[in-house]
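Q:
In mature numbering (1 follows the signal peptide of the UniProt record, and there is no 0), the protein residues as written are -20 to -1, 1 to 357.
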């Protein structure tokens, strides 16, 4: 049960005099249904929204986003911050959040970002080249004093690169900090649905819902197309690559594994539980996947030759020998960022179509690759 649902439930058991003071505001509050996302809840009141973002048990964040031009009967509930919708001064921490601005035509809201080289959006890069977006530096340590001097309407962090000390420092400066946990969503359309959160903060909830509805419809249509493939016609898929002595690959319940399954592929690690990355040794992967038909997501290598030059062990896989290796390097930005890591999480429909075109090209004849490309010698 979310905090908001619990408060509504508790209100029913308050004395009548206390109920009356809250009744008007809480009666007007209705939950907005979501399709796949599990990491947040939306509630709509008259001229305002409440966004509840799941954190650790009992520590959910609550934000009240309101229209400052209209009269509002605020519910008396504990919240992290009241934020005026249509924010024009924001700071983001991860490139998937930048894609939301791109699709909502809100790129001018971005004031600063850590490591600008990662951004591929043409609209945002133009602002960067015009010196309208400040670089907060690389790595987990940001220039906090610079952020405080900018006085953004809010800062959105991803929850795994930033330190708790940094977040607390921003909160103590009265800057709302939104902890975005979209990366924990299991379903690709659940992660994409986080554009609705960004849309409400930016005063573009209708636009965000329209974008998401189109993405969801496209994804389901592509999935339906791939579902016609018989079980015996599903090619086997290896994913991931090695860093030092560890092979990292998507776990069974991860975003990437779901995409492979929906594209009618047989992912060879689909029995290994988890939502993040598996950490495997080379011998295990070779035994399990040496005969895989395809190797998809082989890091950011440019050629087959560069792969074995860095790690000769890669040549032991049949997919390498048959040149059925694909990387996510199509759409590399002018400063080294990858479109896949920025736009791909918002557009799982296009990622899925790329995957279908690799595994079952006859099912995606008209689709042009957006993120993946086949490696050559």
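Beta carbons: idealized from backbone N, C-alpha and C, even for Gly.
1) Please identify the residue among 285, 308, 328 whose C-alpha is closest to the C-alpha of residue 319.
2) CA-CA distance, residue 30 and residue 194?
3) Considering only C-alpha positions, which residue in the set 182, 18, 230, 48 is nearest to residue 34?
4) Which of helix, strand or coil does DSSP assign to residue 105?
5) Just to confirm my understanding: we take residue 12, look at its own chain, exclude 5 residues before and 5 after, and list those with CB closer than 7 Å. What are they?
6) Among 41, 81, 303, whose alpha-carbon lies nearest the alpha-carbon of residue 157?
7) In the DSSP assignment, what residue or residues form a beta bridge with residue 196?
8) Below 8 Å on the Cβ atoms is my contact criterion, and I expect residue 114 with residue 150 to pass it. Report the Cβ-Cβ distance as a whole number of Å.
9) Using the C-alpha atoms, what's the distance from residue 351 back to residue 316?
10) Where do the ends of the beta strand (DSSP E) carrying residue 249 lie?
11) Under DSSP, the beta strand (DSSP E) around residue 230 begins and ends at which residues?
12) In the DSSP assignment, what are the bridge partners of residue 312?
13) Using alpha carbons as the reference points, say which of 82, 66, 241, 90 lies closest to residue 340.
14) Measuring straight from C-alpha to C-alpha, what distance separates residue 67 and residue 122?
15) Buried or exposed for residue 48, please, with buried defined as at least 16 other CB atoms from any protein chain shown within 10 angstroms of its CB.
16) In its own chain, which residues sit with a C-beta less than 7 Å from the C-beta of residue 295, not counting the 5 before and 5 after it?
17) Taking residue 170 as the reference, which of 336, 354, 14, 184 has the closest Cα?
18) CB-CB under 6 Å to residue -15, same chain, minus the five flanking residues each way: which ones, in chain order?
19) If we count the other Cβ atoms within 10 Å of its Cβ and call it buried at 16 or more, is residue 43 buried or exposed?
20) Provide the residue span of the beta strand (DSSP E) that contains residue 62, from first to last.
21) Looking at the secondary structure, which residues open and close the alpha helix (DSSP H) in which residue 80 lies?
22) With DSSP collapsed to three states, give me the class of residue 298.
23) Which whole runs of the alpha helix (DSSP H) in the region 151 to 186 are 4 residues long or more, in chain order?
24) Three-state secondary structure (DSSP) at residue -14?
25) Tell me the rounded alpha-carbon separation between residue 327 and residue 338.
A: Taking the coordinates as given:
1) The sequence position of residue 319 within the chain shown is 339, counting from 1. When only C-alpha atoms are compared, the closest one is 308.
2) If you number the chain shown from 1, residue 30 lands on position 50. If you number the chain shown from 1, residue 194 lands on position 214. Taking the straight line from one Cα to the other gives about 24 Å.
3) Working through the chain shown from its first residue, we reach residue 34 at position 54. If we check each option's Cα against that of residue 34, 18 comes out closest.
4) One-based indexing of the chain shown puts residue 105 at position 125. The answer is helix: DSSP assigns residue 105 an H, G or I state.
5) Translated into the one-based positions of the chain shown, residue 12 becomes position 32. Hits under 7 Å: 22, 23, 24.
6) Working through the chain shown from its first residue, we reach residue 157 at position 177. For residue 157, the nearest C-alpha among the options comes from 41.
7) As a working mapping, residue 196 is identified with position 216 in the chain shown. DSSP, once it has assigned bridges, lists no residue as partnering residue 196.
8) Position 134 of the chain shown, counted from the start, is the residue given in the question as residue 114. Position 170 of the chain shown, counted from the start, is the residue given in the question as residue 150. About 15 Å; that fails the 8 Å criterion.
9) The residue you call residue 316 lines up with position 336 of the chain shown. The residue you call residue 351 lines up with position 371 of the chain shown. Going by the C-alpha atoms only, they are around 14 Å apart.
10) Taking the chain shown and counting its residues from 1, the one referred to as residue 249 is at position 269. That residue, residue 249, is in no beta strand (DSSP E); it is neither H nor E in DSSP.
11) Indexing the chain shown from 1 puts residue 230 at position 250. Residues 226 to 230.
12) Here residue 312 corresponds to residue number 332 of the chain shown, with the count starting at 1. Paired residue(s): 318.
13) By 1-based counting over the chain shown, the position of residue 340 is 360. Considering only alpha carbons, the answer is 241.
14) By one-based count along the chain shown, residue 67 stands at place 87. By one-based count along the chain shown, residue 122 stands at place 142. Straight-line Cα distance between these residues: approximately 22 Å.
15) Here the question's residue 48 lines up with position 68 in the chain shown. Exposed, because fewer than 16 other Cβ atoms sit within 10 Å of the Cβ of residue 48.
16) In the chain shown, counting from the first residue as 1, residue 295 sits at position 315. Closer than 7 Å at the Cβ level, and outside the excluded window around residue 295, lie 288.
17) Along the chain shown, read from residue 1 onward, the residue named residue 170 stands at position 190. The shortest C-alpha separation from residue 170 is found at 14.
18) For the purposes of this step, residue -15 is identified with residue 6 of the chain shown, where counting begins at 1. The predicted model places residue -15 with a pLDDT of 44, which falls under 50 and marks its position as unreliable, so this point remains unresolved.
19) Taking the first residue of the chain shown as position 1, residue 43 is located at position 63. Looking at its Cβ environment, which holds 16 or more other Cβ atoms inside 10 Å, residue 43 is buried.
20) Here residue 62 corresponds to residue number 82 of the chain shown, with the count starting at 1. 61 to 64 is the extent of the beta strand (DSSP E) around residue 62.
21) In the chain shown, residue 80 corresponds to position 100, counting from 1. Start and end: 75 to 83.
22) As a working mapping, residue 298 is identified with position 318 in the chain shown. Reduced to three states, the DSSP call for residue 298 is helix.
23) 168 to 172, 175 to 181
24) Residue -14 sits at position 7 when you count from the first residue of the chain shown. Note that residue -14 has pLDDT 47, beneath the 50 cutoff, so the model's placement of it is unreliable and no number is given.
25) By 1-based counting over the chain shown, the position of residue 327 is 347. By 1-based counting over the chain shown, the position of residue 338 is 358. Going from the Cα of residue 327 to the Cα of residue 338 covers about 17 Å.
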